[in-house]
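Here is the structure we will look at.
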Amino acid sequence: MTEIQTLDTLDYRFPPKPKPLTPEEKQETVARIKELLKEKDAVLVAHYYTDPDIQALAEETGGCVADSLEMARFGRDHPAKKLIVAGVRFMGETAKILTPNKQVLMPTLDAECSLDLGCPPDKFAEFCDQHPDRTVVVYANTSAAVKARADWVVTSSMALELVDHLDAKGEKILWAPDKHLGGYIARETGADMLLWQGACVVHDEFKAKALNDMKALHPDAAILVHPESPENIVAMADAVGSTSQLIKASQELPNDTFIVATDKGIFYKMQQLQPNKTFIEAPTAGNGATCRSCAHCPWMAMNGLKAIEQALETGGKEHEIHVDPELGKQAMVPLDRMLAFAATLK
Ligand code: 13P
Ligand code: SF4
Numbered sequence: 010m011t012e013i014q015t016l017d018t019l020d021y022r023f024p025p026k027p028k029p030l031t032p033e034e035k036q037e038t039v040a041r042i043k044e045l046l047k048e049k050d051a052v053l054v055a056h057y058y059t060d061p062d063i064q065a066l067a068e069e070t071g072g073c074v075a076d077s078l079e080m081a082r083f084g085r086d087h088p089a090k091k092l093i094v095a096g097v098r099f100m101g102e103t104a105k106i107l108t109p110n111k112q113v114l115m116p117t118l119d120a121e122c123s124l125d126l127g128c129p130p131d132k133f134a135e136f137c138d139q140h141p142d143r144t145v146v147v148y149a150n151t152s153a154a155v156k157a158r159a160d161w162v163v164t165s166s167m168a169l170e171l172v173d174h175l176d177a178k179g180e181k182i183l184w185a186p187d188k189h190l191g192g193y194i195a196r197e198t199g200a201d202m203l204l205w206q207g208a209c210v211v212h213d214e215f216k217a218k219a220l221n222d223m224k225a226l227h228p229d230a231a232i233l234v235h236p237e238s239p240e241n242i243v244a245m246a247d248a249v250g251s252t253s254q255l256i257k258a259s260q261e262l263p264n265d266t267f268i269v270a271t272d273k274g275i276f277y278k279m280q281q282l283q284p285n286k287t288f289i290e291a292p293t294a295g296n297g298a299t300c301r302s303c304a305h306c307p308w309m310a311m312n313g314l315k316a317i318e319q320a321l322e323t324g325g326k327e328h329e330i331h332v333d334p335e336l337g338k339q340a341m342v343p344l345d346r347m348l349a350f351a352a353t354l355k
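Sequential numbering from 10 applies to the sequence shown in my numbering.
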């Protein structure tokens, strides 16, 4: 039997965050990045979990701030010669696979993801080989090699619809790597899903008892939950969805207050769109307990303005994403399928 790594068996260290900049340093760095983006024909593509300064800069310079599906789409369709992807490594790799002729830079190549780390390609291939009767569906939060082994790639914004579609055709699914997202999809669709047992170090830490206590203090608040969270947290949600779907829910639900179970980087966009609403972080620790990530992705937090400036200035190998061309071609197939399927959805 394949040995599946879980958060408990996974060996990783949380990386250091970038040194905070003084207001003057920040201003100078932002101005220089703006020049460099023009000079180098580059565009900044940032995830909702990155530092608010990076999100603001992406917006101001005609880049994009988005969930992982939209980041992939934007990078593929934008005419710029270079993409600078602020997020975690699988996002940069996805951009490179979809646009092999563009140079893809990242502030740091050390920005990992516990889901990607917890799904080593060799072990995953063994797992797939043991279940040849199943359609292999993997989450975008995986390495290029894992994607290359898959029939489909999905993001959380279209995973339910795709699995529903495959289930209706009578297909049985092998799902990796997030057990919580996989469990949520299986419950919602009733599909036959065999789950890899990975988890996100951020969402896995939300606690139902503490969330209940928080809800008692804010009885009129709506609870927004990313489906990488455990089942008992999802069960308490007023809306479950990808980062962009949660932002939409915060605009559409009538509540004035929201308890949000996802990385707090998302508050920048929520607060920008709904300045009069109140957003509260869902609790990651009960009384006396400790949290490791404390609702902030340690790898997303590695993205800093100085590193963006340096990546654009030098384009050096500590910033440039490379994907083996043969592997990239194989991984492009399920990624293209994902984008084509997503385009059929409203
Ligand atoms: P989204 O696709 O919802 O942006 O999620 C990416 C992610 O890494 C969530 O932890
Ligand atoms: Fe990965 Fe979780 Fe960070 Fe998202 S929040 S990038 S799933 S570790």
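Backbone N, C-alpha and C fix where the C-beta goes; we use that ideal spot for every residue, glycine too.
Supposed contact pair residue j and residue i - C-beta distance, whole angstroms, cut 8 angstroms
i, j, result
"M347", "A120", "M347 to A120, Cβ: 22 angstroms. No contact."
"T198", "L169", "6 angstroms"
"I63", "L321", "Contact doesn't hold; Cβ gap of about 13 angstroms is too wide."
"P186", "T164", "That belief does not hold up - the Cβ atoms of P186 and T164 are roughly 13 angstroms apart, past 8 angstroms."
"A316", "T117", "6 angstroms"
"G191", "L204", "4 angstroms"
"W253", "E79", "In the sequence as displayed, the identity of residue 253 is Ser instead of Trp. Confirmed, Cβ separation roughly 6 angstroms."
"V210", "R301", "7 angstroms"
"A231", "L255", "Contact flag wrong, Cβ pair sits at about 10 angstroms."
"P24", "G313", "Actually they are not in contact, since the Cβ atoms of P24 and G313 sit about 11 angstroms apart, beyond 8 angstroms."
"A351", "M167", "5 angstroms"
Assigned exposure category for residue i - 16 Cβ within 10 Å defines buried
i, result
"A75", "buried"
"H56", "buried"
"L354", "exposed"
"P109", "exposed"
"E33", "exposed"
"H331", "exposed"
"P88", "exposed"
"L282", "exposed"
"T299", "exposed"
"A246", "buried"
"A177", "exposed"
"A200", "buried"
"A349", "exposed"
Short Cβ contact (8 angstroms threshold) for residue i with residue j
i, j, result
"F276", "P239", "no"
"R143", "I182", "yes"
"K188", "A208", "yes"
"Q112", "E318", "no"
"P130", "A154", "yes"
"L114", "G324", "yes"
"A219", "I242", "no"
"F136", "C122", "no"
Any non-hydrogen atom of the ligand NAD within 7 angstroms of residue i CB
i, result
"V211", "The ligand NAD is not among the ligands present in this structure, which contains only the ligand 13P and the ligand SF4."
Chain C within 8 angstroms of residue i, Cβ atoms only
i, result
"A349", "Here chain C cannot be found, since the structure has a single protein chain."
Residues whose Cβ lies closer than 5 angstroms to any heavy atom of the ligand 13P, in chain order: Near the ligand 13P, residues with a Cβ at less than 5 angstroms from any of the ligand's heavy atoms are D76, S77, T164, S165, S251, T252; the list follows chain order.
Beta strand (DSSP E) segments (min. 3 residues) lying fully within the region 223-304: Qualifying beta strand (DSSP E) stretches, in chain order: 231-234, 266-270, 287-290.
Those runs of the alpha helix (DSSP H) which lie wholly inside the region 317-353 and span at least 4 residues: Those alpha helix (DSSP H) runs which fall completely within the region 317-353 and span 4+ residues are 334-352.
Beta strand (DSSP E) segments (min. 3 residues) lying fully within the region 54-109: DSSP assignment within the region 54-109 yields the following whole beta strand (DSSP E) runs of 3 residues or more, N-terminal first: 73-75, 91-95.
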